[in-house]
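Protein chains in written order, with UniProt numbering: chain P, 1 to 564; chain E, 1 to 556. Written out below as structure tokens is the structure these notes cover.
Right under this line is the structure:
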């Protein structure tokens, strides 16, 4: 069975393609959205998903979230007594999702299609694929999130030529893609984006505004800061429905009342909104599309629920965007569609999709000008951005000096003519025979495969030697041995079983509500917690499940009665 | 590729774009990118060429299958009426029939319960709160006020740019750009550097195809040219203003004589400001050019500014004829009238001043011969004018021809010798040469015997390769032996020679080490440093060994 997974910054989803179409799979708590959070419990065992999310405010030092932003780098997060790479944290989430899917459908998942932001770099894509390997599932296909959104909306079913713009604002990333469909072909013309712009940045802005308004310093204790942030996040969601709010906040033990209106939020967020202009302009320019040629604008991503986003899109294009599918689920549904296409379900024999690479790739070169001055650090592009993938390009380079023993190829991606402003991908060393520079050219071939992953080949013309070289020395990437080692290590980690995670989630939620409320609600909560623990002690699965459902309903009731 | 793209696509040449696309769609299903990457790449190559050379569309069948396009509206308020189905915000609704309902009514527990009433999209977005768009003229007025380079706060433009609502609407954006470009072309408007780079980044003024876009938008070619020129000038002025305002200097490593003339980055900027002010009036140029250091400094400044901002910027900021004057005064250019005239003038003025000074010292004002002396002095000045001109010309030519030639010879020699600095060749040659040379030198013969010549030759090679330490070796060798032996007695010469030669040889070993290991540029310096000291130690040991056993071997 091939599954489609949306591995998001804040939430992840999994689903399959069935005969009735794309179906998302609920987790042990019956929810389709699983938070991308990993935490360590009091007994040292790992919690994944909702259980860890509820503890995020109480124990921020023992919980990791938004690690998607660190994919592609070597940044390690310390949880308990062990340091985790972002690939391992993603692998834990993936494992939990796959377990949910297998439990729901009863079939074994062999392969997965994982969504990545269209603007993810080569290192970030490889890290995503490695995360799948560490989780023990084969990842043969990565799909770009805007393309998945287009699939979810069924845009490929258009008969005539039409162009679309997909505007995807997720928890941590922002992507823009311009697609064209005709006769069952869906082509991506251009992709652009910002890997550090998402709903989380809006929450950061609100937290800073609240602290400035109340003239309070940021709470020093991490638990307090995390609790405040969780509160403000709920405020952000509330502002979607209500134009103005009076929010009671508790910071470092003191009570405050904070007023915020949606109009003020929008004006404060103007720089963030302005950051969204540049990728849209770049995508339109690269695909040589005029705004009036677009048939539809599609809004995707949880953060696009904010009315200011819809308003900005309406301002940009003079029309309302399309968003009738739940924006949280769109990408995952698209990934399921892709999984179905990969499994070659009959519905998809008439549909083909092509995608583009979002970055220009090249090597670092030097040039000697007519005054015998040597200019170093120049970027020579090999594959231009928005080339349809898979693509393969060759270019010939000569060594700088005569009798050079080794040619150092440094691979960069980016748009600037100087490598200092571009992103370093890796370095390759090609041994050269002893020849003068003019007699010693080297053909360098870059191949982008269909997932947007790079392969580099160097061919020394003088000797005819072919060097298929692996890009190394990038601290963000893991070697295959490392992946195997991590896979083995992860298997030994103690993670709470799936069903027990659901129970822990409900208990953690109750604890959080206990901390947030006062008075009679606290007493009621304590009684219910005791009752649930008693049910857990019976160890009968049906009873526990019924008790959990009742408990969850009670907690919903408590939350709706909360201060705001 | 040698294949014909039209044949690959099985289309007649010049087929219309729609047919090309349909054929591509058909073939794409047989050559899917993930199954047949090679075939797909060939198909894509052929498709792009055919699409670029597609013929005109046949007008018979319009695109009737096309859905009615949503009309692009510039005023957002009129969008209210129809388009997307009304929906309550935050609730979960079933998607369209293509993708069946997927979740079973759950939601993240952190989300509050959805708003009960069904709100129209218009109200939900608050579209009536959207601002009416202003005219481009008003927006451009505001833009120019925010972009004024005289403003102190550099962030003002960024803040305004982020908040301006018209810039979000693509139709209004283009109108604003047209208005702004028109104003820039009409008058010499100044923009701050931040403003210019933000607008450039946003509109793509420096990207390829900018002029094509303007022409396609209906601008006349003459106006496009004026616009491009105006943008260049605007950028040059903005860059200069920014450079004058910031702290960093044009040169990163200031040479010492720079300090003597300019002081530091502030002095450099003051000089640039003065040159910029002088571009209109050449009044002080000649006087300042009489000092060669000033000529050098000005030329270095121009050179550095050209490297940073381009020759056109230098011409515009400092005046084309001023730039030409300073260039011609520089010794790096072929000797010309300006240089020779300046040199001769300097020489003459110096001679005259010295003569006057000498006359004033030697003779008193009452001296009857004073007048005669002064007359002789001025006659001498005029007579020596010819000598001055001839001398200046000769000196200029010598400098112009000699200095670069010498540098060229040095480079050629270096490059020729470099390949032989491979350790496999160089270490045996060096060892044999050291032993032989020292052995010969120990032979008992007068000053210019073959041994000393050999050692002198080695020292000369070291000097040519750039080792200043080898100069001391040569001097010690050729001229110091007699002096040292007379002063300190026999035998000390050999020790002194070894000590003097060692820096030269150490330098040679260092070159070898750099060639082989890339030290000190290599990342793993420790290993490379060990190699270097190994080479130095080996050479020193060989030198000492030949000093001790050489005489025995040769029987002296």
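Glycine included, C-beta positions come from ideal geometry on N, C-alpha and C.
Under the 8 Å criterion on CB atoms, residue 197(E) is classed as non-interfacial with respect to chain P. Residue 101(P) and residue 24(P) have their C-alpha atoms some 9 Å from each other.
Check the Cα spacing between residue 283(P) and each of 166(P), 26(P) and 266(P): the tightest is with 166(P).
In the DSSP annotation of this structure, the continuous segment of the beta strand (DSSP E) that includes residue 113(P) starts and ends at 111-116. In this structure, the straight-line span from the alpha carbon of residue 39(P) to that of residue 503(P) is close to 15 Å. With a contact defined as Cβ atoms closer than 8 Å, residue 257(P) and residue 246(P) qualify at about 6 Å. A straight line joining the alpha-carbon of residue 170(P) with that of residue 197(P) spans about 8 Å.
For residue 478(P) against residue 27(P), the beta-carbon gap comes to about 28 Å, at or over 8 Å, which does not count as contact.
If you draw a straight line from the Cα of residue 354(P) to the Cα of residue 415(E), it comes to about 52 Å. Contact residues of the region 382-412 of chain P toward chain E are 388, 389, 390, 391, 392, 402 and 403 (C-beta to C-beta distance below 8 Å).
For residue 408(P), the enclosing beta strand (DSSP E) stretches over residues 406-413.
Here residue 464(P) carries a coil assignment [DSSP, helix/strand/coil]. In the displayed model, residue 541(P) falls within a helix according to three-state DSSP. Annotation: residue 255(P) is outside any alpha helix (DSSP H); the continuous beta strand (DSSP E) that includes it extends over 254-261.
In chain order, 182 and 183 make up the part of chain P whose C-beta sits under 9 Å from the C-beta of residue 22(E). Comparing alpha-carbon positions, the option among 12(P), 18(P), 20(P) and 75(P) lying closest to residue 48(P) turns out to be 12(P). By the criterion of a C-beta distance shorter than 6 Å, residue 386(E) is surrounded by no residue of its chain, once the five residues flanking it on both sides are discounted. For a Cβ distance threshold of 8 Å, residue set 390, 391 and 392 of chain P lies close to residue 41(E), ordered along the chain. For residue 17(P), the beta-bridge partners assigned by DSSP are 22(P). One thing to note: residue 168(P) has its Cβ within 8 Å of the Cβ of residue 300(P).
Chain P places a beta carbon closer than 8 Å to that of residue 169(E), counting this residue as a contact. Distance from the CA atom of residue 55(E) to the CA atom of residue 23(E), rounded to whole angstroms, is 15 Å. In the three-state scheme derived from DSSP, where H, G and I count as helix and E and B as strand, residue 387(P) is classed as coil.
Inclusion of residue 450(P) and residue 390(P) in the CB contact set at 8 Å is warranted, their separation being smaller than that value. Taking every protein chain shown into account, the CB of residue 282(E) has fewer than 16 other CB atoms within 10 angstroms, so this residue is exposed.
Residue 227(E) is not a Cβ neighbour of residue 183(E), given a cutoff of 8 Å. Within a 10 Å sphere around the beta-carbon of residue 339(E) sit 16 or more other beta-carbons, which makes this residue buried. Rounded to the nearest angstrom, the Cβ distance from residue 302(P) to residue 327(P) is 6 Å, consistent with a contact under 8 Å. Nearest to residue 457(P) by alpha-carbon distance, out of 340(P), 432(P) and 393(P), is 393(P). Contact between the region 113-133 of chain P and the region 178-197 of chain P is established, with three or more Cβ pairs separated by less than 8 Å.
DSSP places residue 353(P) within a strand segment (E or B) once states are collapsed to three. According to the DSSP assignment, residue 189(P) belongs to the beta strand (DSSP E) that extends over 185-194. For residue 137(P), the secondary structure class from DSSP, reduced to helix, strand or coil, is coil. At a cut-off of 8 Å between C-beta atoms, residue 181(E) does not count as an interface residue with respect to chain P. Take residue 14(P), set aside five residues on each side of it, and the residues of its chain with a beta-carbon closer than 6 Å to its own are 3, 5, 25, 97 and 101, in chain order. Setting aside the 5 residues that flank it on each side, residue 196(E) is surrounded in the same chain by 147, 234, 235 and 238, each with a C-beta closer than 8 Å to its C-beta; the list follows chain order.
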